[in-house]
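Report on the following structure.
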Amino acid sequence: MKHQILRRLGLAAITAIATAGTFAHAQDYPNKAVTIVVPFAAGGPTDTVARLVAQSMTTNLKQQIIVENVGGAGGTLGAGRVARAGGDGYTLLLHHIGMSTAPALYRKLAFDPINDFEPVGLVADVPMTMIAKQALPPKDMKELLPYLKANKEKVLYAHAGVGSASHLCGLLFMSTIQTDLTTVPYGGTGPAMTAMLGGEVDLMCDQTTNTTGQIKGGKVKAYAVTTKAHVPSLKELPTMAESGLPGFEVAVWHGLYAPKGTPKPVLDKLTAALQTALKDPNVVARLAELGTEPVPQNRATPDALRTHLKAEIDKWSPVIKKAGVYAD
Numbered sequence: 090m091k092h093q094i095l096r097r098l099g100l101a102a103i104t105a106i107a108t109a110g111t112f113a114h115a116q117d118y119p120n121k122a123v124t125i126v127v128p129f130a131a132g133g134p135t136d137t138v139a140r141l142v143a144q145s146m147t148t149n150l151k152q153q154i155i156v157e158n159v160g161g162a163g164g165t166l167g168a169g170r171v172a173r174a175g176g177d178g179y180t181l182l183l184h185h186i187g188m189s190t191a192p193a194l195y196r197k198l199a200f201d202p203i204n205d206f207e208p209v210g211l212v213a214d215v216p217m218t219m220i221a222k223q224a225l226p227p228k229d230m231k232e233l234l235p236y237l238k239a240n241k242e243k244v245l246y247a248h249a250g251v252g253s254a255s256h257l258c259g260l261l262f263m264s265t266i267q268t269d270l271t272t273v274p275y276g277g278t279g280p281a282m283t284a285m286l287g288g289e290v291d292l293m294c295d296q297t298t299n300t301t302g303q304i305k306g307g308k309v310k311a312y313a314v315t316t317k318a319h320v321p322s323l324k325e326l327p328t329m330a331e332s333g334l335p336g337f338e339v340a341v342w343h344g345l346y347a348p349k350g351t352p353k354p355v356l357d358k359l360t361a362a363l364q365t366a367l368k369d370p371n372v373v374a375r376l377a378e379l380g381t382e383p384v385p386q387n388r389a390t391p392d393a394l395r396t397h398l399k400a401e402i403d404k405w406s407p408v409i410k411k412a413g414v415y416a417d
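Here the numbering used here is used: the first residue of the sequence shown is 90, the next is one more, and so on.
See the structure below:
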């Protein structure tokens, strides 16, 4: 009996010490620079969102937030690195919709999107636009659809790599119009856009954070937005539904994650800093220029991101499996 009491007292002491250590860590957090890993190339839409948020969070947390681009394998290399980083709150991940499609796209995935991360909160829902090189003949979506069916072997559809937002939008688009186009993968959205501006490819569906400037500058031809509602910064563009594709809708959501095991007090600080950043007038104004806006405060939470991630995995898995697309 005496040994049992001593053992319980010992366990209680260990627990108390661990709790005190966690509390002290949270009180002191952050005491050095924090890195947000973006699992895509610099200059792309996810990178743009990350840098806007990081700049504001730097002020909120009173420590520098560094954005590091770790591209490759459709975002899985960067995500895997963060999953293995350890839960001290100093290495985070800002990922987009690809976090929910990776389980279906990759037969061997080095991380579990649900169980290897602690959600911090949703960041932004970014509309997408169907764009083309200026020389492509169709002037609107109603002309584009029959043109694609008649020239499907010749039309080159560009995307930023397997699992990228532009790839997923293209999969859904080709499935909807029941026409397979020739796809050309690039190592990021930046190179794909460069190829389009150079006339090397014909068509691409990409986020407004990457296309708005090119559309307004008259450098690409724009056909439609992929959301139910019009995009304020691109008022002239019709929706896909208005253009003859009812029910077609794709929005690229972004979420902020920490590795599994990150203490709740640290997560609370990160969530609070994220929510403050999403109310920053500079962040709001810049995102508006790029055709999007921050999520409302009730979605910039761990529970909201966790629920959304699970729902998106359920949504995209059958679409990807039906298309028979895999990345080994």
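Note that the Cβ used here is the ideal one computed from N, Cα and C, for glycine as well.
Quiz item: Just curious, the beta strand (DSSP E) that Leu181 is in, first and last residue?
Solution: Thr180 to His184
Quiz item: Starting from His256 and walking both ways along the alpha helix (DSSP H), at which residues does that stretch end?
Solution: Ala254 to Ile266
Self-check item: Three-state class that DSSP yields for Pro327 in the structure shown
Solution: coil
Self-check item: Residue range of the unbroken alpha helix (DSSP H) whose run includes Gln303
Solution: Thr297 to Lys305
Self-check item: Residue interval of the alpha helix (DSSP H) (run including Gly279)
Solution: Start and end: Thr278 to Leu286.
Quiz item: How big is the Cα-Cα spacing for Gly413 and Gln116?
Solution: 49 Å
Self-check item: Short Cβ contact (8 Å threshold) for Ala377 with Leu181
Solution: no
Practice problem: Report the residue from Ala340, Lys358, Asn387 and Met293 whose alpha carbon sits nearest the alpha carbon of Thr381. | Solution: Ala340
Practice problem: Take the Cβ of Glu207 as the centre, count every other Cβ of all protein chains shown within 10 Å, and call the residue buried at 16 or more, exposed below. | Solution: With a threshold of 16 other beta carbon atoms within 10 Å, Glu207 meets it and is buried.
Quiz item: Roughly how many whole angstroms lie between the Cα atoms of Pro176 and Lys243?
Solution: What sits at residue 176 in the sequence shown is Gly, not Pro. Their Cα atoms are separated by approximately 49 Å.
Quiz item: Just the Cα atoms here: how many angstroms apart are Ala311 and Gly210?
Solution: Our two residues, Ala311 and Gly210, have alpha carbons roughly 32 Å apart in a direct line.
Quiz item: Thinking C-beta only, is Leu270 closer than 8 Å to Leu237?
Solution: yes
Self-check item: 4-residue-minimum alpha helix (DSSP H) runs that sit fully inside the segment 313-380, ordered along the chain
Solution: Unbroken alpha helix (DSSP H) stretches of 4 residues or longer found wholly inside the segment 313-380: 353-366 and 370-378, given in chain order.
Practice problem: Just the C-alpha distance for Ser322 and Thr301, rounded to the nearest angstrom, thanks. | Solution: 8 Å
Quiz prompt | Strand pairing of Ile220, partner residues [DSSP] | solution = Met293 and Ala311
Exercise. Note down the Cα distance separating Leu352 from Val384, rounded to an integer number of angstroms.
Key: Note on residue identity: the sequence assigns Pro, not Leu, to residue 352. Cα-Cα distance, rounded: 24 Å.
Quiz item: By the 10 Å Cβ neighbour count, where 16 or more other Cβ atoms means buried, how is Phe112 classified, buried or exposed?
Solution: Because the pLDDT of Phe112 is 49, which lies under 50, any placement of that residue in the model is unreliable, and the number read from its coordinates should be weighed accordingly. It is exposed - the Cβ of Phe112 has fewer than 16 other Cβ atoms within 10 Å.
Quiz item: Going by Cα to Cα distance, which pick from Cys258, His184 and Ala313 is closest to Ser332?
Solution: Ala313
Practice problem: Could you tell me whether the segment 185-196 touches the segment 251-260, where touching means 3 or more Cβ pairs closer than 8 Å? | Solution: yes
Quiz item: If we count Cβ pairs, one from each stretch, closer than 8 Å, do we get three or more for the segment 357-370 versus the segment 268-288?
Solution: Not touching, per the Cβ criterion.
Practice problem: Assuming Val126 contacts Gln223 (C-beta within less than 8 Å), just tell me the rounded distance between them. | Solution: A Cβ-Cβ distance of about 35 Å is found for the pair Val126 and Gln223, leaving them out of contact under the 8 Å criterion.
Quiz item: Is the beta carbon of Thr328 less than 8 Å from the beta carbon of Met217?
Solution: no
Exercise. Return yes when the Cβ of Ala249 is within less than 8 Å of the Cβ of Gly169, no when it is not.
Key: no
Quiz item: Below 8 Å between beta carbons: does that hold for Asp136 and Ile220?
Solution: no
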